[in-house]
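> Under full-length UniProt numbering, residues 1 to 289 are what the sequence shown spells out, in order. We put the beta carbon where it would ideally sit given N, CA and C, even for glycine. Note that the structure is a prediction, hence the values are computed from the model and not measured. My questions all concern the structure below.
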Amino acid sequence: MPRLSLDDGQSLALVALFSGVASGVAIKAIGPMPPGQAIALRAVPAVLLIAAFVVVRRKGPARLVGPRGLVRAGLDAVAALTFSLAIFELPLSLLASIHATLPVLSVILSGVVLKERLRPGNWAALALACAGTLLVLQPGLTFSPLGIALALVSTLAYALRDVTTRQLPRRTDTFRIALVSMVLVGAVSALLPAGGRWVWPTASDTLLIGLAALGLVGANVLIIVALRWTELSRIAPLRYSSVLWSLAFDAALWGYLPDPLAACGIALIVGAGLLQLHTASDNRFKDMT
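Below, the structure written as structure tokens:
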């Protein structure tokens, strides 16, 4: 695999993040159906897509999953399942705002575990992100406590997943890791209680499930590639874009708009992302000179 530049990694991360939001929008828009069933049905075409690619692509050097790959797949499965369940409990923009704490956890963990350098600008950006997230979370008390708990668990699992991704050996197979993760999500979600009922999907629901599966595949595969070639400190601030996309979808499809206090929090979060991007770019230039 040719080595990607930092800019390539960031571009892939942005596409992956948008794909994840789009997948959430599609699955949230599905008609009345138990969450576990909707998540399991979404996993079926996603697994088939990844499995087909693994089977038909050319044989090359040995492609492995390995122990770290399995750990990464397990963390991703936990994160994806709890995130998907939270989608049915919370507005997407509130869920994305809770996930805005992910850069805080990812960058700190990268410094502690991976020994990546943490700069003063990183800490200032993270402080802004924390303050903004607290403002955004204030409407959360009126929504499902279960949804908030699921969102927090998924955030921690995603942060641990990102750090593990950075530790994967070069020969580890991106697509096989994504395949293991999706199989785990589909299997566990199919076992969740469905209230004793099975809802047969309509034609429109089937289309939404297919779109959700495509978004899930893009989010899983592209974020793995991006994180394997780019520092977490450069990927982390890009996650704030998910808040903006989620706000747009929430307003357009479900009429949910944040109150002024939450809007101020979102502005702080976006500002934190811009500051962290500037810090990473500025220090990259100094390193090159």
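Looking at the secondary structure, which residues open and close the alpha helix (DSSP H) in which His56 lies?
By one-based count along the sequence shown, residue 56 stands at place 56. The sequence as given places Val at residue 56; His does not occur at that position. Per DSSP, Val56 belongs to the alpha helix (DSSP H) from Pro35 to Val56.
> In its own chain, which residues sit with a C-beta less than 8 Å from the C-beta of Ile27, not counting the 5 before and 5 after it?
Start at 1 with the first residue of the sequence shown, and residue 27 comes out as number 27. So the qualifying residues of the chain are Ala38, Ile39, Arg42, Ser84, Ile87, Leu208, Ile209 and Ala212.
> Check this for me: beta carbons of Arg228 and Leu179, under 8 Å apart or not?
What you label residue 228 is simply residue 228 of the sequence shown in a count that begins at 1. What you label residue 179 is simply residue 179 of the sequence shown in a count that begins at 1. No. Outside cutoff.
> Comparing the C-beta of Lys28 with each C-beta of chain C, is any distance below 8 Å?
Structure shown: chain C not included; a single protein chain is present.
> Quick check on Thr172: does DSSP put it in helix, strand or coil?
Residue 172 sits at position 172 when you count from the first residue of the sequence shown. Three-state result, Thr172: strand.
> Just to check my reading of the structure: Pro103 and Pro237 have Cβ atoms closer than 8 Å, yes? What is that Cβ distance to the nearest angstrom?
Numbered from 1 along the sequence shown, position 103 holds the residue referred to as residue 103. Numbered from 1 along the sequence shown, position 237 holds the residue referred to as residue 237. Confirmed, about 6 Å.
> Classify Pro35 as buried or exposed, calling it buried when 16 or more other Cβ atoms lie within 10 Å of its own Cβ.
To locate residue 35, count along the sequence shown from 1; it is residue 35. Burial call: buried.
> Note down, in chain order, each residue of its chain lying with its Cβ closer than 7 Å to the Cβ of Thr202, except the 5 sequence neighbours on either side.
Along the sequence shown, read from residue 1 onward, the residue named residue 202 stands at position 202. Correct list, in chain order: Gly31.
> Can you tell me whether Leu184 is helix, strand or coil according to DSSP?
Numbered from its first residue, the sequence shown carries residue 184 at position 184. The answer is helix: DSSP assigns Leu184 an H, G or I state.
> Helix, strand or coil for Met288? Go by DSSP, reduced to three states.
As a first step, residue 288 is located in the sequence shown; it is residue number 288 there, counting from the start. Reliability fails at Met288, whose pLDDT of 33 lies under 50, so the model's placement of it is uncertain and no value is given.
> Using DSSP with H/G/I as helix, E/B as strand and the rest coil, what is Leu64?
Sequence index remark: in the sequence shown, residue 64 carries index 64 (1-based). In the structure shown, Leu64 sits in a strand (DSSP, three-state: E or B).
> If you follow the alpha helix (DSSP H) that Leu152 is in, where does it begin and where does it stop?
Position 152 of the sequence shown holds residue 152. First-last of the alpha helix (DSSP H) with Leu152: Pro145 to Arg166.
> Which same chain residues, not among the five before or five after Ser181, have their C-beta less than 6 Å away from its C-beta?
Residue mapping note: residue 181 aligns to position 181 of the sequence shown, counting from 1. Here the set comprises Ala73, Asp76 and Ala77.
> May I ask which residues mark the beginning and end of the alpha helix (DSSP H) holding Leu126?
Translated into the one-based positions of the sequence shown, residue 126 becomes position 126. Element bounds for Leu126: Pro120 to Leu137.
> Out of Ala226, Leu126 and Tyr240, state which residue places its alpha-carbon closest to the alpha-carbon of Arg170.
By 1-based counting over the sequence shown, the position of residue 170 is 170. The shortest C-alpha separation from Arg170 is found at Ala226.
> Can Ala251 and Leu257 be called in contact, C-beta distance under 8 Å?
If you number the sequence shown from 1, residue 251 lands on position 251. If you number the sequence shown from 1, residue 257 lands on position 257. Cβ distance < 8 Å, so Ala251 and Leu257 count as in contact.
> Can you name the start and end residues of the alpha helix (DSSP H) that Leu31 belongs to?
Along the sequence shown, read from residue 1 onward, the residue named residue 31 stands at position 31. In the sequence under discussion, the amino acid at residue 31 is Gly, which differs from the Leu named in the question. Unbroken run through Gly31: none, as it is neither H nor E.
> Would you report the Cα separation of Leu274 and Val54, rounded to the nearest angstrom?
Mapped onto the sequence shown, residue 274 falls at position 274. Mapped onto the sequence shown, residue 54 falls at position 54. Going from the Cα of Leu274 to the Cα of Val54 covers about 37 Å.
> Under the rule that 16 or more other beta-carbon atoms within 10 Å means buried, what is Gln10, buried or exposed?
Taking the first residue of the sequence shown as 1, we reach residue 10 at position 10. By the 10 Å Cβ count, Gln10 comes out buried.
> Return the chain-ordered list of same chain residues with a C-beta closer than 6 Å to the C-beta of Ala96, the five sequence neighbours on each side being excluded.
Position 96 of the sequence shown, counted from the start, is the residue given in the question as residue 96. Contacts found: Ser242, Val243 and Ser246.
> For my contact list, Leu17 and Arg239 are in at a C-beta cut-off of 8 Å; report their separation, rounded to the angstrom.
The count along the sequence shown starts at 1 and reaches residue 17 at position 17. The count along the sequence shown starts at 1 and reaches residue 239 at position 239. Going by Cβ atoms, the distance from Leu17 to Arg239 rounds to 6 Å, so yes, they are a contact pair.
> DSSP on Leu257, reduced to helix/strand/coil?
Indexing the sequence shown from 1 puts residue 257 at position 257. Leu257 falls in the coil class under three-state DSSP.
> Use the C-beta contact count for Val270: other C-beta atoms within 10 angstroms, 16 or more gives buried, fewer gives exposed.
Along the sequence shown, read from residue 1 onward, the residue named residue 270 stands at position 270. That one is buried.
> Since Ala252 is in the alpha helix (DSSP H), which residue starts that stretch and which ends it?
In the sequence shown, counting from the first residue as 1, residue 252 sits at position 252. Ala252 -> no alpha helix (DSSP H), and no H or E assigned at all.
> Mark Arg166 as exposed unless 16 or more other C-beta atoms lie within 10 angstroms of its C-beta, in which case mark it buried.
Within the sequence shown, numbered from 1, the residue matching residue 166 stands at position 166. Buried: at least 16 other Cβ atoms inside 10 Å.
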